[in-house]
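Protein chains in written order, with UniProt numbering: chain A, 1 to 571; chain B, 1 to 215.
Ideal Cβ placement from N, Cα and C applies to all residues, glycine included.
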Amino acid sequence: MNYFPDEVIEHIFEYVVSHRDRNALSLVCKSWYRIERCTREKVFIGNCYSITPERLIQRFPALKSLTLKGKPHFADFSLVPHGWGGFVYPWIEALAKGKVGLEELRLKRMVVSDDSLELLSRAFPNFRSLVLVSCEEFTTDGLAAIAANCKSLRELDLQENEVDDHKGQWLSCFPDSCTSLVSLNFACLKGEINVGVLERLVARSPNLKSLRLNRSVPLDALQRILTRAPQLVDLGVGSYVQDPATETFVKLMNTMHKCKSITSLSGFLEVTPRCLTAMYVICPNLTSLNLSYAAGIPGSDLIKLIRHCKKLQRLWIMDSIGDKGLGVVANTCKELQELRVFPSDNIGHHAAVTEKGLVAISMGCPKLHSLLYFCHQMTNAALITVAKNCPNFIRFRLAILDATKPDPDTNQPLDEGFGAIVQSCRRLRRLSLSGQLTDKVFLYIGMYAEQLEMLSIAFAGESDKGMLYVLNGCKKLRKLEIRDCPFGDTALLTDIGKYETMRSLWMSSCEVTVGACKVLAKKMPRLNVEIFNENETADCELEDEQKVEKMYLYRTLAGKRKDAPEYVWTL
Amino acid sequence: MEEEIMVMGTLEQLSSVSPLSSSSSSSSPTTHDNNNINSSINNHPSSSSSSCSSLCVSNVSTKRTDLSTDLRLGLSLSPSQQLPSISSQQIREHRSFDCWPPVKSTLRSTLVEKSQTTSSSSSLFVKVYMEGIPIGRKLNLRAHHSYHALVKALSHMFKTTILCPGSHQLPLKSGNVHVLTYEDQEGDWMMVGDVPWEMFLTSVKKLKITRADRC
């Protein structure tokens with residue numbers, strides 16, 4: 001089997017980087033398993049409760065970079081009650097105890113206490129990169145510890161977290177000796193920061209490539225910062241409010257001419273739309289534009305800006321751009337690969353987006369492969385056209401604001417439209433459905449969506465058959481999340497072996513009973529079957545016939561978790 | 001332009017209307033939902049971790065056990081009321097659409113803030129009188145973005161010809177041509193149109209439509 005000495009194989013393995021490939025390597029034979037595990041530096045754990053930290057450390061002694069995900073996806077939409085779990089502290093504690101040479105930590109939907117940040121900052125002398133996405137519970141005190149103690153910090157990236165801002169001087173905690181910053185993103189912080197401290201930090205960070213500011217950083221400070229950091233590649237503007245007839249604004253316009261390296265732009269958390277003209281000079285270089293938090297930019301100004309962005313590959317925008325605006329995107333952004341259109345609270349329906357905008361995009365942007373589209377309505381005809389124009393979709397997520405709306409032209413469900421999408425897009429890995437849908441759409445998904453890994457369903461289907469079509473047909477399914485569908489015990493229990501091939505299943509407001517969940521839990525010891533019981537009191541008995549409000553099950557080697565709150569019953 | 005006035009008017013109405021009533025008549029359940037989105041924005045407080053904030057559409061949130069009772073009650077209403085047939089779609093529409101559309105809480109709170117700030121500065125209602133008519137009207141100046149739009153709206157509202165500021169039309173002898181004047185913060189009556197629009201908005205207190213041959 002082994003014609004090469006270990007050192008050669010190790011060297012070859014260095015070139016194998018992706019998690020899936022490395023996982024595949026480890027399954028080939030015992031010696032490859034051994035070599036792979038001893039050389040693996042980056043590990044991805046999609047469910048922090050699927051394995052214990054001790055087991056992780058034991059298997060991968062060379063661990064340097066860890067990604068952990070905690071709460072289920074529907075936690076983003078307030079469907080998971082507070083205190084469910086996903087605590088990172090035990091992980092950091094175990095990594096510290098195991099003397100792991102941790103350099104990078106990336107967390108998503110986890111509960112991160114200030115204590116854990118404090119411990120993280122002290123226990124790992126080579127720590128250099130912290131990325132927190134949709135996490136909660138930490139405050140600026142925790143950030144201060146990271147700033148103060150991580151001597152070679154390169155990256156501090158906070159994306160969409162709920163942070164308690166103690167208005168402390170956390171930025172000041174970066175010592176003067178800290179000159180290694182490459183990426184700093186604090187856009188999600190609500191509080192004030194000391195602008196002078198920020199400017200000095202930027203001035204002594206020659207490697208700074210990515211900087212995303214929060215709304216407390218005014219336009220004049222932005223101008224001064226950009227003067228010091230013309231090498232920036234990724235810029236997140238905080239507050240962008242100014243009278244265009246001022247010298248400050250003229251200065252900014254001039255400074256922007258020097259920022260030729262910026263390819264990614266975001267933010268504009270507060271904005272004077274007329275000042276966006278200063279950005280036009282960098283627009284031709286942009287490959288990524290995220291205006292999903294720029295609620296203050298009206299559609300007309302969005303359109304004017306986008307006309308300059310011919311190289312755009314990723315666009316995140318609000319539906320205030322309107323169908324017409326999406327037409328402009330389709331004509332301008334021929335390189336577009338990823339589009340997200342978010343709902344604004346726009347009362348004027350004439351500015352909202354419908355199926356027309358999506359069809360225009362599909363006609364103008366053949367490279368499109370990822371879509372998240374909130375719209376007021378969708379038709380089968382439009383989806384069929386989109387499927388034909390864009391057969392390369394990897395991610396297709398549609399959210400119609402009226403969740404059960406049928407095709408407004410024909411009054412039919414959207415089964416045929418989504419059916420066309422799965423039939424045409426052979427590489428589809430992620431799909432989110434909405435609109436009026438019968439069991440038929442699931443028949444199509446089961447038949448055609450061979451690469452599907454994640455499926456999100458809401459207010460759809462008519463019977464257990466729908467869910468069964470999916471479970472039977474989608475061989476690569478990893479995550480299934482369902483809310484408000486008439487799927488019940490038969491669907492849940494018909495193919496229980498399937499769940500060990502998946503990461504997790506979420507079902508809320510469906511027709512599943514407690515009894516069925518108990519049966520499932522008993523038959524499958526390597527699944528944790530959790531029921532959330534929010535309404536009942538703690539000492540109330542769960543009766544078998546009762547319908548389950550929320551159920552979350554996941555495969556695990558760690559057994560029942562010990563940190564579940566009172567309302568979570570692990571069966 | 002009138003559509004804008006109506007939209008602003010509806011916003012005002014909705015803020016005093018309870019979430020379950022609809023402010024426009026419609027037979028399609030979907031439009032009803034959209035009205036609920038609007039009123040939800042004005043009525044619901046920002047989210048806590050276990051409840052959802054303003055972008056949620058809350059229809060009749062019935063517990064599942066009560067659903068059959070609701071359906072039976074529906075059937076027992078008098079035949080003069082229009083009853084759609086009960087379908088599975090109907091059952092679904094009785095559900096609670098909590099936490100839909102699926103938008104992250106950080107984005108929701110941005111939009112809540114935006115709607116709060118724009119509603120405070122998005123209206124400037126002033127009284128408008130036409131010479132010879134004792135009952136005045138009220139108009140939201142911020143619904144219009146220029147003198148031209150304002151004059152057009154007032155012409156329509158009062159069913160008369162109002163000369164645009166800066167227009168070179170000779171005033172006709174007929175009494176059906178008017179000009180627009182305003183009272184400023186100092187109490188003086190001025191001709192509308194001399195100062196930039198934004199500046200006008202900061203100084204206007206009242207409007208008066210006077211006959212052209214009087215000026």
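Using the Cβ count rule (16 or more neighbours within 10 Å means buried), how would you classify W189/B?
exposed
S508/A vs E462/A beta-carbon contact at 8 Å
no
Closer than 6 Å by C-beta to P413/A: which residues in its own chain qualify, once you throw out the five before and the five after it? Chain order, please.
P406, Q436, L437, T438
Mind listing the chain B neighbours of C188/A? Cutoff is C-beta to C-beta under 9 Å, in chain order.
T106
Taking one C-beta from the region 126-145 of chain A and one from the region 169-179 of chain A each time, how about it: are there three or more such pairs within less than 8 Å?
yes
Answer yes or no: do S152/A and S180/A have a C-beta to C-beta separation smaller than 8 Å?
yes
Say whether the region 182-198 of chain A touches the region 244-254 of chain A, bearing in mind that this needs 3 or more beta-carbon pairs closer than 8 Å, one atom from each stretch.
no
In whole angstroms, give me the CA-to-CA distance for A203/A and R228/A.
6 Å
Pull the bridge partners of E183/B from the DSSP assignment, please.
W189/B, K206/B
Contacting positions in the region 76-107 of chain A - beta carbon closer than 8 Å to chain B
D76, F77, S78, L79, P81, H82
Distance, I457/A Cα to I421/A Cα
15 Å
According to a CB-to-CB cut-off of less than 7 Å, which residues of the region 293-313 of chain A neighbour chain B?
Y293, A295, G296
Taking three-plus beta-carbon pairs below 8 Å as touching, is the region 515-526 of chain A in contact with the region 546-560 of chain A?
yes
Are there 16 or more other CB atoms within 10 angstroms of the CB of V112/B, so buried, or fewer, so exposed?
buried
Same chain, Cβ closer than 6 Å to W316/A, five either side skipped, listed in chain order:
N290, S292, R340
Please classify E416/A as buried or exposed, where buried requires at least 16 other C-beta atoms within 10 Å of its C-beta.
buried
Provide the residue(s) that pair with F532/A in DSSP beta bridges, ordered along the chain.
K550/A, V568/A
Short CB-CB distance (under 8 Å) between D345/A and chain B:
yes
Tell me which same chain residues have a C-beta within less than 6 Å of the C-beta of E355/A, skipping the five on either side of it?
M378, T379, A382
Evaluate N533/A with the Cβ neighbour count: other Cβ atoms within 10 Å of its Cβ, from every protein chain shown; 16 or more gives buried, anything less gives exposed.
buried
Whole-angstrom C-beta distance between L252/A and A278/A, which should lie under 8 Å
5 Å
At a CB distance below 7 Å, what residues from the region 188-213 of chain B approach chain A? Give them in sequence order.
none
Thinking C-beta only, is K42/A closer than 8 Å to S65/A?
yes
Please state the DSSP three-state secondary structure of I162/B.
strand
C-alpha distance - L211/A paired with L265/A, whole-angstrom precision
10 Å
When DSSP labels each residue in this structure, what does L520/A get in the three-state scheme?
helix
Is the distance from the Cβ of M130/B to the Cβ of F97/B below 8 Å?
no
Would you check if the distance between the CB atom of A145/A and the CB atom of L107/A is smaller than 8 Å?
no
Does the region 50-69 of chain A come close enough to the region 91-111 of chain A that 3 or more CB-CB pairs lie under 8 Å?
yes
Span of the alpha helix (DSSP H) around R200/A:
195-203
Distance cutoff 8 Å, beta carbons only. Does residue 577/A sit that close to anything in chain B?
Nothing can be reported for residue 577/A: it is not among the residues displayed for chain A, which extend from 1 to 571.
Residues of the region 120-154 of chain B with Cβ closer than 8 Å to any Cβ of chain A, in chain order
none
Using a C-beta cutoff of 8 Å, does V103/B count as contacting chain A?
yes
Name the residue from D157/A, C178/A, S370/A, I9/A whose alpha carbon lies nearest to the alpha carbon of L201/A.
C178/A
What is the C-beta distance between L132/A and V112/A, in whole angstroms, given that I count them as a contact (C-beta under 8 Å)?
6 Å
Is the separation between the beta-carbon of L398/A and that of S432/A shorter than 8 Å?
yes
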